[in-house]
Amino acid sequence: MSGSPRHFTTQLAVIGSGIAGFAASIFAINRKIVTAQVGNTGAVAYTTGYLDLIGKLGGTTDPVTDPWQALTRLRETEPKHPLCRVAADDIQRAFTEFTDFLGTCGLAYSSPGACNITALTPVGTLKQTLCVPATMAAGPRALAANAPCVIVDFKGLKGFSGAEVVANLRDRWPQLTTQRIVFPGMDRGEVYPEVMARALEVPATREKLAVALNDVAGSAEVIGLPAILGMHRPDHVLAELERLTGREIFEIPTMPPSVPGIRLRELFQQVLPQRGVTLIPQQRVTALSFADDGATLALSDSYGPIRVHAQAVILATGRFLSGGLEAHPAGIREHLLDLPVTQPADRSDWYRERYTDPRGHPIHRAGIEVDDSFRPLTREGRRHHERLFAAGVILAHQDWIRGRSGAGIAIATAFRAVTEAEHFLLS
Ligand SMILES: Cc1cc2nc3c(=O)[nH]c(=O)nc-3n(C[C@H](O)[C@H](O)[C@H](O)COP(=O)(O)OP(=O)(O)OC[C@H]3O[C@@H](n4cnc5c(N)ncnc54)[C@H](O)[C@@H]3O)c2cc1C
């Protein structure tokens, strides 16, 4: 193993490979910014594939049907929320640019509309989201129309039950029924969504599945399946299965890590290098330093040390699950630069008494502070460095889980961080 580091030079370095990091790289590509991205495996594989903007407003349990109106309300009630630093037009542009990019890569999404879409969760409850993958779009439509529909699940598949989906939706969707079948060639033991998805990329498997689906679908015009419609060309797999069955088909996300999340991760890892991004996946940046003429990221892979020299850096390292923030007995830390973290005064204030408290838990609003140019701030309220920007759920003053706004915060703030980084690079 060589001891001398390999060097990469780039205009922009993105740290993190969650939705914020990948969105930042996409926005940078579209602006012809030379970009390198380093990211450890993160939460992207866990996502349902839905891109939420605002699904709930703080302290309430009512679902949000108009996220743009909710944004106006959020500006009044939570002005420090990261989404409140982004103009509604920019949020719309960011979602459109992100979903258009995915569409050109064979993973079509619905466009961000005026209203949320009422979408199905893995257990048959409902959630509000802004954009859904094209493979899932027929589900909300069939629900709204109360169309005769059969949810088909598979012998040996754990974590997805058609009976559960039907039981939870019975009042809302009386025409919904369920059937269980054997997945072609997988009639023994446990079956896994990822394996089924890859198997459905083979035409012969699709043909056999179509026959099995038609055998149980009866008069249903629409078939709902767990998310298994291929890993790399889901739109094509959907179209083929619809052609073969003569019925409309949709996917429902399964429990994480689910195929739609893995699809996104694999698509980004395949497409970004083709579009010119230097992608260093599965690695963690261990040090980040700044000098007058640029920033340096330090990391190592199995061949030895790597140094990335960049003119600007976007920090998109997420929260606790991804390791951007660390919870210690003495408090919450940002792990790479030790940026100050806005957090409850004392550890005993991290959680409220009741787990299900509708106000959520203060620890879930912890994060770093940025100014209006999305540059992280020091304890004294100054910019940490002109070259440093931040995006995603590492930002303070938002509880994305409770607000159903994970992708929205990631995409919108990545858009603004890249816009600001571009201004800096051109200045
Ligand atoms: C179970 C689950 C379900 C979800 N479902 C939805 C959903 O239905 N709709 C929705 O909109 N959102 C959903 N999300 C949220 C979404 O997946 C993202 O977590 C969220 O958008 C935040 O993105 P992020 O990029 O800011 O952070 P993360 O996704 O947390 O990504 C941070 C990245 O930084 C990397 N990283 C951290 N430190 C370093 C380092 N030192 N060097 C290099 N890389 C580093 C991590 O490995 C990770 O790749 C879900 C998340 C989870 C966990």
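For what it's worth, this note's numbering labels the leading residue of the sequence shown as 387, then goes sequentially. Using N, Cα and C, we set each Cβ at its ideal position, and we do this for glycine too.
Nearest to K594 by C-alpha distance, out of R761, E637 and G571, is G571. According to DSSP, G610 shares a beta bridge with I537 and F636. Counting the other Cβ atoms within 10 Å of the Cβ of T458 gives fewer than 16, which makes it exposed.
Looking at the backbone, the Cα of G525 and that of V671 are separated by about 41 Å. By the Cβ rule, the segment 407-423 counts as touching the segment 788-803, because three or more pairs are nearer than 8 Å. Three or more pairs of CB atoms, one per stretch, sit closer than 8 Å, so the segment 530-543 contacts the segment 559-570.
Distances between the C-beta of D438 and the heavy atoms of ligand 1 include at least one below 7 Å.
Q514 and P449 do touch by the CB rule: their CB atoms are close to 5 Å apart, below 8 Å. Distance between L555 and L512, taken at the CA atoms: about 9 Å. Residue pairing from DSSP leaves Q397 without any beta-bridge partner. Distance from R788 to H750 at the Cβ level is roughly 7 Å; contact confirmed, criterion being Cβ atoms closer than 8 Å. Excluding residues up to 5 positions away in sequence, Q669 lie with their Cβ nearer than 6 Å to the Cβ of D687 in the same chain. T703 has its CB nearer than 7 Å to a heavy atom of ligand 1. For A590 and I638, the gap between their C-alpha atoms comes out near 23 Å. The residues V536, V538, Q565 and I567, in chain order, have a CB closer than 8 Å to that of V602 in the same chain once the five nearest residues on each side in sequence are set aside. Distances between the C-beta of T421 and the heavy atoms of ligand 1 are all 7 Å or more. Burial state of H714 is exposed, judged by a 10 Å Cβ sphere holding fewer than 16 other Cβ atoms.
Unbroken alpha helix (DSSP H) stretches of 4 residues or longer found wholly inside the segment 623-698: 645-660, given in chain order.
Under the 10 Å beta carbon count, H770 is surrounded by 16 or more other beta carbons and is classified as buried.
Shortest gap from the CB of Y495 to any heavy atom of ligand 1: 7 Å or more. In the three-state reduction of the DSSP assignment, R619 falls in the coil class, being assigned neither a helical nor a strand state. If only complete runs of 4 or more residues are kept, the segment 569-605 shows the alpha helix (DSSP H) at 579-585 and 589-603, in order along the chain. Look at H809 here: in three-state DSSP terms it is helix. T446 has its Cβ no nearer than 7 Å to any heavy atom of ligand 1. Look at Y578: its beta carbon is at least 7 Å from all of the heavy atoms in ligand 1. Rounded to the nearest angstrom, the gap between the Cα atoms of L685 and V400 is 13 Å. When the alpha-carbon of L725 is set against those of V581, M617, E755 and S734, the nearest one is in E755. Between V509 and V577, the CB-CB gap reaches or exceeds 8 Å. Counted as a single uninterrupted DSSP element, the beta strand (DSSP E) harbouring A713 occupies residues L711 to H714.
For F706, no beta strand (DSSP E) run applies, since DSSP gives it neither H nor E. With a cut-off of 7 Å, the C-beta of V608 is classified as distant from ligand 1, since no heavy atom of the ligand falls inside that distance.
With fewer than 16 other Cβ atoms inside 10 Å of its own Cβ, V581 counts as exposed.
Between the segment 413-423 and the segment 723-737, the count of C-beta pairs closer than 8 Å stays below three; the two stretches do not touch.
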